[in-house]
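J.: Residue numbers (the working numbering): 23 to 319. By construction, the Cβ of each residue, glycine as well, lies at the ideal position given by its N, Cα and C atoms.
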Amino acid sequence: MSKADLLEAWQNHLADGRRRSPHTVRAYLAAANRLLEATGIVDFASVAALEGPDLRRQLAARRADGLSNASTARELSALKGFVAFARTQIGRDGAPPRLRGPRLKKGLPRPITPDDISNIADLIEGDASEAWIGSRDRAVLYLMYGAGLRIAEALSLKGSDLPPGETLQVTGKGGKQRIVPLLPIVRAAITDYAAKCPYPLDSDGPLFRGAKGGALGQGMVQKAMARARVVLGLPSTATPHALRHSFATHLLGAGADLRSLQELLGHASLGSTQIYTKVDAATLLDTYRNAHPREKG
């Protein structure tokens, strides 16, 4: 067996077995490659024999190159997963080495990548008990990520909001109303759901219905996303509300100004919107550290 064989097996496990996004596969594959390069290991038995102190040494070397706490935590997650996978390949229990990661500062919402959002929507739709329920959940997720709606705002929409146009009037916190644009993919998802829904979508009734025809509750959306998060190996921060955070962060990264973002999100004050400048800066810094040749060595 060669290093290339180990990495190919790990890559196939992540992409096909765990259905990780291409971005995650690349990151986890790179972490495994760095570990193999540093240790000279070329077989699963030797990888499986690695324990906490071995991974700690690898992380210490990475930290010496300037890796941030957040990137170190992701690197550790990748390495523990790689060792756990190796253990299953030689017939051992797939428990990862016991090693705590660095403490992360709390407070900033962590955006979900577009690839992971697509994977979440596909998985939730595919796991639904009925086709119309899968289409419903996709439409709700797309409203949160594609239009920046809060989950309560999405679920408060009425049948009168059909058919979806290029814009949508949303009633947010405190009864404040705003107009948000709807991307074609979001409009298509809503239209698809409406066509499949077995219940009449009266103009004064809820647009999104539960399995028995009543108004869809937030808990059902949260549970569906929690299941998808576990299957895809995403962090606990990947919640429905994180889709709205991702909408804001990705728009800001693409050049949207804070005032426009404030209007789209329905924030009462600009101060609430300014947190996304910090989120975007953190995301850009992580991207730099993962891509810069000095950091990849």
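Measuring CB atoms only, is the stretch 206-214 touching the stretch 256-270, in the sense that at least three cross pairs come out at less than 8 Å?
T.: Because the criterion of three Cβ pairs below 8 Å is not met, the stretch 206-214 and the stretch 256-270 do not touch.
J.: Taking only beta-carbon atoms, is D27 less than 9 Å away from chain D?
T.: Going by chain labels, chain D is absent from the structure shown, which holds only one protein chain.
J.: Please confirm if the stretch 220-229 is in contact with the stretch 170-190, defined as three or more CB-CB distances below 8 Å between the two stretches.
T.: Flag = yes, the stretch 220-229 and the stretch 170-190 touch.
J.: Can you tell me which residues form a DSSP beta bridge with I201?
T.: I201 pairs with Q191.
J.: With a CB to CB cut of under 7 Å and the five nearest residues on each side skipped, what residues in its chain are close to A250?
T.: Answer for A250: I142, L145 and I146, listed in chain order.
J.: Drop a sphere of 10 angstroms on the beta-carbon of M166, count the other beta-carbons inside from all chains shown, and report buried for 16 or more, exposed for fewer.
T.: The residue is buried, with at least 16 neighbouring Cβ atoms inside 10 Å.
J.: Give me the Cα-Cα distance between G156 and P185, rounded to the nearest whole angstrom.
T.: C-alpha separation (whole angstroms): 19 Å.
J.: Pull up the CB-CB distance for G170 and V208, whole angstroms please, since I reckon it's below 8 Å.
T.: Actually they are not in contact, since the Cβ atoms of G170 and V208 sit about 11 Å apart, beyond 8 Å.
J.: When DSSP builds the beta bridges, which residues end up paired with P228?
T.: For P228, which the question treats as bridged, DSSP gives the partners K180.
J.: Can you find the residues in the same chain that come closer than 8 Å, C-beta to C-beta, to A174, ignoring five residues on each side of it along the sequence?
T.: Q240, listed in sequence order.
J.: Indicate the three-state DSSP secondary structure (helix, strand or coil) for A37 in the structure shown.
T.: DSSP places A37 in helix when its eight states are reduced to three.
J.: Around the Cβ of K102, are there at least 16 other Cβ atoms within 10 angstroms (buried) or fewer (exposed)?
T.: Classification of K102: buried, given that the 10 Å Cβ count is 16 or more.
J.: Candidates A26, V243 and G39: which alpha carbon is nearest D159's?
T.: It is V243 whose Cα lies nearest to the Cα of D159.
J.: Going by the CB atoms, is the gap between L58 and L77 shorter than 9 Å?
T.: Against a cut-off of 9 Å, the Cβ pair of L58 and L77 comes out as no contact.
J.: For a test of the three-state rule: what should DSSP assign to A260, helix, strand or coil?
T.: If DSSP states are grouped into helix, strand and coil, A260 belongs with coil.
J.: Could you check which residue in R96, Q191 and E152 has the C-alpha nearest to that of T46?
T.: Nearest of R96, Q191 and E152 to T46, Cα basis: R96.
J.: Taking W154 as the reference, give the member of Y221, G187 and G194 with the closest Cα.
T.: The shortest Cα separation from W154 among Y221, G187 and G194 belongs to Y221.
J.: Would the C-beta of R231 count as close to the ligand MN, meaning under 8 Å from any of its heavy atoms?
T.: Only the bare structure without any ligand can be found here, which leaves the ligand MN out of the picture.
J.: T61 and L72: beta carbons closer than 9 Å?
T.: The answer is yes: Cβ separation under 9 Å.
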